[in-house]
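Trainee: Mind looking over this structure? Questions follow.
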Amino acid sequence: MLADVPGVAVTGQERGGSLVAVVLMAAPLDAALVPRLRERLAAIAVPVEFVTSSA
């Protein structure tokens, strides 16, 4: 789904019985990129969390 975005990996994690998509970004969060990625992930209909590799 985001394989074409360099430095980004998406995993699914269960948190308190709910599935959350966790987007791991190799670089610091890019304020312009986050909304575009969130829009692309909307199709999976789960909450999305963005983290950097340093987190």
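For the sequence shown, my numbering gives the first residue as 100, with consecutive numbering after it. In this text, a Cβ means the ideal position worked out from N, Cα and C, and glycines have one as well.
According to DSSP, is L132 helix, strand or coil?
Mentor: If DSSP states are grouped into helix, strand and coil, L132 belongs with the helices.
Trainee: Do V107 and V119 have their C-beta atoms within less than 8 Å of each other?
Mentor: Not in contact: V107 and V119 (Cβ atoms no closer than 8 Å).
Trainee: At the level of alpha carbons, what is the spacing between A125 and V133?
Mentor: Looking at the two C-alpha atoms, the distance is approximately 13 Å.
Trainee: For chain B, find out if any of its Cβ atoms is closer than 8 Å to the Cβ of M124; answer yes or no.
Mentor: Judged by its chain identifiers, the structure shown contains no chain B, having just a single protein chain.
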